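Trainee: Here it is, the structure in full.
There are 4 protein chains.
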Amino acid sequence: MNILFLGDIVGRIGRRGVGLLLPQIKKEYKIDLVLANIENAASGFGITESVLKELMDYGIDAFTSGNHIWDKKEGIPLLDTYEKILRPANYPLGVPGRGYTVLTHLDKKVGIINIQGRVFMEPIENPFHVVKNIVEEMKKDTKIIIVDIHAEATSEKIAMGYFLDGMVTAVVGTHTHVQTADERILPGGTGYITDLGMCGALDSVLGVEKEAVLKKFLLQIPQKFNVPEKGLFKMEGVIIEVEEESGKTKNIIRLQRRGEIK
Amino acid sequence: MNILFLGDIVGRIGRRGVGLLLPQIKKEYKIDLVLANIENAASGFGITESVLKELMDYGIDAFTSGNHIWDKKEGIPLLDTYEKILRPANYPLGVPGRGYTVLTHLDKKVGIINIQGRVFMEPIENPFHVVKNIVEEMKKDTKIIIVDIHAEATSEKIAMGYFLDGMVTAVVGTHTHVQTADERILPGGTGYITDLGMCGALDSVLGVEKEAVLKKFLLQIPQKFNVPEKGLFKMEGVIIEVEEESGKTKNIIRLQRRGEIK
Amino acid sequence: MNILFLGDIVGRIGRRGVGLLLPQIKKEYKIDLVLANIENAASGFGITESVLKELMDYGIDAFTSGNHIWDKKEGIPLLDTYEKILRPANYPLGVPGRGYTVLTHLDKKVGIINIQGRVFMEPIENPFHVVKNIVEEMKKDTKIIIVDIHAEATSEKIAMGYFLDGMVTAVVGTHTHVQTADERILPGGTGYITDLGMCGALDSVLGVEKEAVLKKFLLQIPQKFNVPEKGLFKMEGVIIEVEEESGKTKNIIRLQRRGEIK
Amino acid sequence: MNILFLGDIVGRIGRRGVGLLLPQIKKEYKIDLVLANIENAASGFGITESVLKELMDYGIDAFTSGNHIWDKKEGIPLLDTYEKILRPANYPLGVPGRGYTVLTHLDKKVGIINIQGRVFMEPIENPFHVVKNIVEEMKKDTKIIIVDIHAEATSEKIAMGYFLDGMVTAVVGTHTHVQTADERILPGGTGYITDLGMCGALDSVLGVEKEAVLKKFLLQIPQKFNVPEKGLFKMEGVIIEVEEESGKTKNIIRLQRRGEIK
Ligand SMILES: [Fe+2]
Ligand SMILES: [Fe+2]
Ligand SMILES: [Fe+2]
Ligand SMILES: [Fe+2]
Ligand SMILES: [Fe+2]
Ligand SMILES: [Fe+2]
Ligand SMILES: [Fe+2]
Ligand SMILES: [Fe+2]
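Protein chains in written order, with my numbering: chain P, 1 to 262; chain G, 1001 to 1262; chain X, 2001 to 2262; chain E, 3001 to 3262.
Structure, rendered in structure tokens:
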């Protein structure tokens, strides 16, 4: 089974880029299941229903997210409506939505867990304690489990990889919007990468117009951040080849594509 | 001119790894100048004189560093003794050492600047304002300028790349100890990568024994962090091919090697 | 000379509260000059021109601010229009407004400096280096200098007090919205308090409706913060009795009043 | 019943100061029970057994602490040995010590809870969720419950006060080492103060020699922090008069004393 997991999709240019390139990539790599992090899908901040439908139309099967999923008020109820969109599982009791799910896809059960780091981020529940409980429960149902650790610090993501090594199929990082070159299979058979990268504008800062970001760094007063509507984009993620009987990763390769939205 | 820039060297295993592999790499890639970030060279925390001499013996020509350079008290005076070891230039007036230098190497002048980010880090002077002044002054002396932006946040490093694009030869990031897969030549001709990665223990968290780091994340009380003495290591960095007349980057490629220290 | 310095005025209830009680307090304490921090004056976030005029009508002579002064876009140009409203002086070059001024009030020159801390706050320029330069320049003009250190950490504010002790008339803290009980005259003659407190709703969290703040702490997802329009309020600050010949503080007393806006 | 709760005791000068003044204060205010926060009791960092015994000899009945309790390795096992010393209750499972206790003192049961904030601090478990569970359990045993909320941000401490208002006797803050002037009885009958202040050196920054702290703010590289051995000290806290039948606070007054250790 081949799973494609795309990094944070940022704004219209990121969505259209995925729409443009995904069909060919699915064929080329015989992709069975497509996952993507969409915390920035609606103009860089959260989601809307039309954005969600657009992404489902492109053939993305399920979605993870992160700290930016709360940015658009209208996007929050969607977390309760759609089973296939997750928010990090370690938000406290009472928060809308769910943090993990088991999909039945082509007669195979695939568990997906979304978890969020806390170093330099919001102090939600301990991701290590929370993920352990979910994985132990989920293993009764399926051996194929993919974890999106949405976090800032490389130390926390790598620690999560080792923590889950041998217990899940793969641990992939999101949130920094820069793909890392450390994809590997950990000693216990779990596929790992610190960050998937992003799907968004190429000449930008994390998908956002670079001029405003530079102004923020020079003046240190609030700036309005816009996402470019068109131009060159990149589309990044990994392809995980899963050994279905064991739930281990046979191969993990990085994907980097470019294109242009006019 | 070919410049090899190695990511943060962490502890004895990182140093020995460099000593083992560097001679062959220098030949293979016809390297003219070797640079490395050594903030973690002495058991993961700062430097000592013997560590510095060991690294010079291996053939590293000049050194950058970062927030950990202050960790060993005995290492701080070395910043005033040795011209070829830098600390970030944007520490305030009165701090020991220097943040930039121009080397004459094989009859060529090469400027090296070490600058530090502030997002999620110590609030030292504004790196953008400081680096601009240094670059403008240094350009009177040489067109070949290499900048190490030692920072946590991908946004700050990418912004620094665009800020200096066309003004310097290359901007390379350090500090996260994970190599990124975004090496490229920016529109203005400046070579760029968000993080060089590290030279240190392979099965570790940023070079540190993973058991203690996991304990820290599970219990959240202080733990003692040790660097493994031996075993598998990785050695990471980039090779920058410089067009000497223009000071622009012709090519930037990532280097990832592994080996074992017994 | 008696100077009244009011803590952060938060929203309509804070403004009206000041309007209600100020006339009586001015008489009671023979106040010559009234200063106030107004970063939260317009519904808790920044300022507007009508808010500014309302506060001038009440008899406040000059204004300091802090990190929230940028919250309302329309308030930013006012920093260039009105000489008597300051923003922290250690924002970088290019930021609108000014960070210090010398007023001539009743034939006396009074210098006012607004400076901002960096611990747990935006990494603007070093407040210690910046304030030293301003004080040295200002001392040529007047001996009476009042400094508002707008900061989060008690350590940074106390350090600023000792740093300026003997050089300025008084150092008063703002930003935490809770009045501290450590008002005193430092060994060199400078009046000091870690925080002036606030002018705003009594049964609130820092002036904001407590229900939303509690929800934020329980759920850790964004909440809309409103300032109560009416009800019980408190009005806090200090009265500094200045020895005009020396520019030293003869006495510093805390002021705490309550009232109700219907 | 009269309870004296002392703010963070910092180093030898803080301990000796308490030893010097406590007997007289106990008589003067007819104190029945003495509590103190001792995270900084041993030279500013953590505790030792001899320090603990010294403080028990002075007549302190039970102890709370905070983030600094882990600073001295030898102090950590004491958390399991002595029932009367607490560490914040919201550290995760597996951490030594306990976070709450019910004392029987003069035939009265008094519950004490130590909880820690997370804003600008270590991301331990959610203090609001954790404290609620403890209080609900403890209320079966006694109506008299005192909570030490050890936190940095005024918003988090005030929110905790309102959250527990009517459920516990008093909520007192520690950690900032500066006494606040906002002691009051909340609408539901719970006594409250944002910070008790400290017992330590007067002319210091939070109990630490001010020269090193200033050097840290000017140079921003690590400095060694020492606690003055002798000189002027202050001793700060509150006295809570408890209505035993209801478990409510009848009166809460701030205590500020000074003295000298030669
Ligand atoms: Fe993102
Ligand atoms: Fe994110
Ligand atoms: Fe490093
Ligand atoms: Fe570093
Ligand atoms: Fe404020
Ligand atoms: Fe503020
Ligand atoms: Fe403390
Ligand atoms: Fe503390």
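C-beta atoms are modelled at their ideal positions from N, C-alpha and C, and glycine is treated no differently.
A quick note: this is a predicted structure, and the numbers were derived from the prediction, not measured.
Would you list the residues sitting across from A170(P) in a DSSP beta bridge?
Mentor: Taking the first sequence and counting its residues from 1, the one referred to as residue 170(P) is at position 170. Answer is I146(P), G191(P), bridged to A170(P).
Trainee: Could you name the residues, in chain order, whose CB is less than 6 Å away from a heavy atom belonging to ligand 4?
Mentor: Here the residues come out as E1039(G), G1066(G), N1067(G), H1068(G), H1150(G), H1175(G).
Trainee: What does the Cβ neighbour count give for G1237(G), buried or exposed, with the cut at 16 atoms within 10 Å?
Mentor: The residue labelled residue 1237(G) in the question sits at position 237 within the second sequence. Under this definition G1237(G) is a buried residue.
Trainee: Residue range of the alpha helix (DSSP H) that L1020(G) falls in?
Mentor: Taking the first residue of the second sequence as position 1, residue 1020(G) is located at position 20. Segment 1011 to 1029, the alpha helix (DSSP H) holding L1020(G).
Trainee: Hey, how far is the Cα of E2074(X) from the Cα of I2047(X)?
Mentor: Residue mapping note: residue 2074(X) aligns to position 74 of the third sequence, counting from 1. Residue mapping note: residue 2047(X) aligns to position 47 of the third sequence, counting from 1. Going by the C-alpha atoms only, they are around 8 Å apart.
Trainee: Would you say Y3100(E) lies against chain X (beta-carbon separation less than 8 Å)?
Mentor: In the fourth sequence, residue 3100(E) corresponds to position 100, counting from 1. False, the Cβ-Cβ gap to chain X never drops below 8 Å.
Trainee: Which bits of chain P does E3125(E) rub up against, with CB to CB less than 8 Å?
Mentor: Position 125 of the fourth sequence, counted from the first residue, corresponds to residue 3125(E). In chain order: E125, N126.
Trainee: Please name the residues in the segment 2205 to 2221 of chain X whose beta-carbon is closer than 8 Å to at least one beta-carbon of chain P, in chain order.
Mentor: The residues in question are L2218, L2219, Q2220, I2221.
Trainee: So if DSSP puts E1243(G) in a beta bridge, which residue, or which two residues, is it bridged to?
Mentor: Looking up residue 1243(G) in the second sequence gives position 243. Its beta-bridge partners are K1248(G).
Trainee: Between the C-alpha atoms of I3085(E) and E3049(E), what's the straight-line distance to the nearest angstrom?
Mentor: On the fourth sequence, residue 3085(E) is found 85 positions in, with the first residue counted as 1. On the fourth sequence, residue 3049(E) is found 49 positions in, with the first residue counted as 1. Computed Cα separation, rounded: 11 Å.
Trainee: At least one CB of chain G closer than 8 Å to the CB of Y3091(E): is that the case?
Mentor: Counting from 1 along the fourth sequence, the entry for residue 3091(E) is found at position 91. It does; some Cβ of chain G falls within 8 Å.
Trainee: Assuming F5(P) and V172(P) form a contact by the criterion Cβ under 8 Å, report the distance between their Cβ atoms to the nearest whole angstrom.
Mentor: As a first step, residue 5(P) is located in the first sequence; it is residue number 5 there, counting from the start. As a first step, residue 172(P) is located in the first sequence; it is residue number 172 there, counting from the start. About 5 Å separates the two Cβ atoms, so the contact holds.
Trainee: When you compare the CB of R118(P) with every CB in chain E, is at least one pair closer than 8 Å?
Mentor: Translated into the one-based positions of the first sequence, residue 118(P) becomes position 118. Yes, because at least one Cβ of chain E sits closer than 8 Å to the Cβ of R118(P).
Trainee: Under 7 Å Cβ-Cβ, which residues of chain E neighbour D2163(X)?
Mentor: For this step, residue 2163(X) is matched to residue 163 along the third sequence. For the sequence presented, residue 2163(X) should be read as Phe rather than Asp. Neighbours of F2163(X) on chain E, chain order: L3214.
Trainee: Which residues share a DSSP beta bridge with G3237(E)?
Mentor: Mapped onto the fourth sequence, residue 3237(E) falls at position 237. DSSP lists L3006(E), L3255(E) as partners of G3237(E).
Trainee: Are the segment 2128 to 2138 of chain X and the segment 2065 to 2082 of chain X touching, with three or more C-beta to C-beta distances below 8 Å?
Mentor: Judged by Cβ distances under 8 Å, the segment 2128 to 2138 of chain X makes no contact with the segment 2065 to 2082 of chain X, as fewer than three pairs qualify.
Trainee: Against T3176(E), what residues of chain X qualify as contacts under a CB-to-CB distance less than 7 Å, listed in chain order?
Mentor: In the fourth sequence, residue 3176(E) corresponds to position 176, counting from 1. The contacting residues are T2154.
Trainee: Please classify R12(P): is it buried, with 16 or more other beta-carbons within 10 angstroms of its beta-carbon, or exposed?
Mentor: Counted from its first residue, the first sequence places residue 12(P) at position 12. Buried is the call here.
Trainee: Return the residues of the segment 2238 to 2254 of chain X that lie within a Cβ-Cβ distance of less than 8 Å from chain E, sorted by chain order.
Mentor: Flagged, chain order: R2254.
Trainee: So what does DSSP say about L1164(G), is it helix, strand or coil?
Mentor: Numbered from 1 along the second sequence, position 164 holds the residue referred to as residue 1164(G). DSSP places L1164(G) in helix when its eight states are reduced to three.
Trainee: Suppose you measure from the CA of G3066(E) to the CA of E2209(X); what does that come to, to the nearest Å?
Mentor: Sequence index remark: in the fourth sequence, residue 3066(E) carries index 66 (1-based). Sequence index remark: in the third sequence, residue 2209(X) carries index 209 (1-based). Taking the straight line joining both Cα atoms gives about 29 Å.
Trainee: Are the beta-carbon atoms belonging to L2219(X) and G94(P) less than 8 Å from one another?
Mentor: Residue numbering aside, residue 2219(X) sits at position 219 when the third sequence is read from its first letter. Residue numbering aside, residue 94(P) sits at position 94 when the first sequence is read from its first letter. Closer than 8 Å, so yes.
Trainee: Buried or exposed for S3155(E), please, with buried defined as at least 16 other CB atoms from any protein chain shown within 10 angstroms of its CB.
Mentor: Against the fourth sequence, residue 3155(E) aligns to sequence position 155. Buried.
Trainee: With C-beta atoms as the reference, is K157(P) less than 8 Å away from G197(P)?
Mentor: The residue given as residue 157(P) occupies position 157 in the first sequence. The residue given as residue 197(P) occupies position 197 in the first sequence. No, Cβ-Cβ distance for K157(P) and G197(P) is not below 8 Å.
Trainee: DSSP three-state label for F2063(X), please.
Mentor: The sequence position of residue 2063(X) within the third sequence is 63, counting from 1. DSSP places F2063(X) in strand when its eight states are reduced to three.
Trainee: Using the C-alpha atoms, what's the distance from R1016(G) back to G1207(G)?
Mentor: Translated into the one-based positions of the second sequence, residue 1207(G) becomes position 207. Translated into the one-based positions of the second sequence, residue 1016(G) becomes position 16. Taking the straight line joining both Cα atoms gives about 13 Å.
Trainee: Using a Cβ-Cβ cut-off of less than 9 Å, give me the residues of the segment 3005 to 3018 of chain E that come near chain X, in sequence order.
Mentor: Cβ contacts with chain X come from no residue of the segment 3005 to 3018 of chain E.
Trainee: Do L2232(X) and R2254(X) count as a contact pair if the criterion is CB distance below 8 Å?
Mentor: Stepping through the third sequence from its first residue, residue 2254(X) is reached at position 254. Stepping through the third sequence from its first residue, residue 2232(X) is reached at position 232. No. Outside cutoff.
Trainee: With C-beta atoms as the reference, is I1264(G) less than 8 Å away from T1169(G)?
Mentor: A question about residue 1264(G) goes unanswered here, because the residues of chain G that appear run from 1001 up to 1262.
Trainee: Restricting to Cα atoms, I'd like to know which of V119(P), P92(P), M121(P), L79(P) is closest to Q101(P).
Mentor: Locating residue 101(P) in the first sequence gives position 101, counting from the first residue. Checking the sequence, you will find Thr at residue 101(P) rather than Gln. It is L79(P).
Trainee: Give the DSSP-derived three-state secondary structure of A3212(E) in the structure shown.
Mentor: For the purposes of this step, residue 3212(E) is identified with residue 212 of the fourth sequence, where counting begins at 1. A3212(E): helix per DSSP, three-state reduction.
Trainee: Could you work out which residues of chain E lie near H68(P), taking near to mean beta carbons separated by less than 9 Å?
Mentor: For the purposes of this step, residue 68(P) is taken as the residue at position 68 of the first sequence. Here the premise fails: no neighbours, minimum Cβ distance about 19 Å.
Trainee: Let me check one thing: in DSSP terms, what residues is N2114(X) bridge-paired to?
Mentor: Taking the first residue of the third sequence as position 1, residue 2114(X) is located at position 114. DSSP lists D2148(X) as partners of N2114(X).
Trainee: What does V3270(E) touch in chain G if you count any residue whose Cβ is under 8 Å from its own?
Mentor: Coverage of chain E is limited to positions 3001 through 3262, which leaves residue 3270(E) absent and any answer about it impossible.
Trainee: For S2246(X), count the other beta carbons within 10 Å of its own beta carbon; 16 or more makes it buried, fewer makes it exposed. Which is it?
Mentor: Looking up residue 2246(X) in the third sequence gives position 246. Label assigned to S2246(X): exposed.
Trainee: Just checking: is the beta-carbon of A1181(G) within a distance shorter than 8 Å of some beta-carbon in chain P?
Mentor: Start at 1 with the first residue of the second sequence, and residue 1181(G) comes out as number 181. Closer than 8 Å: yes.
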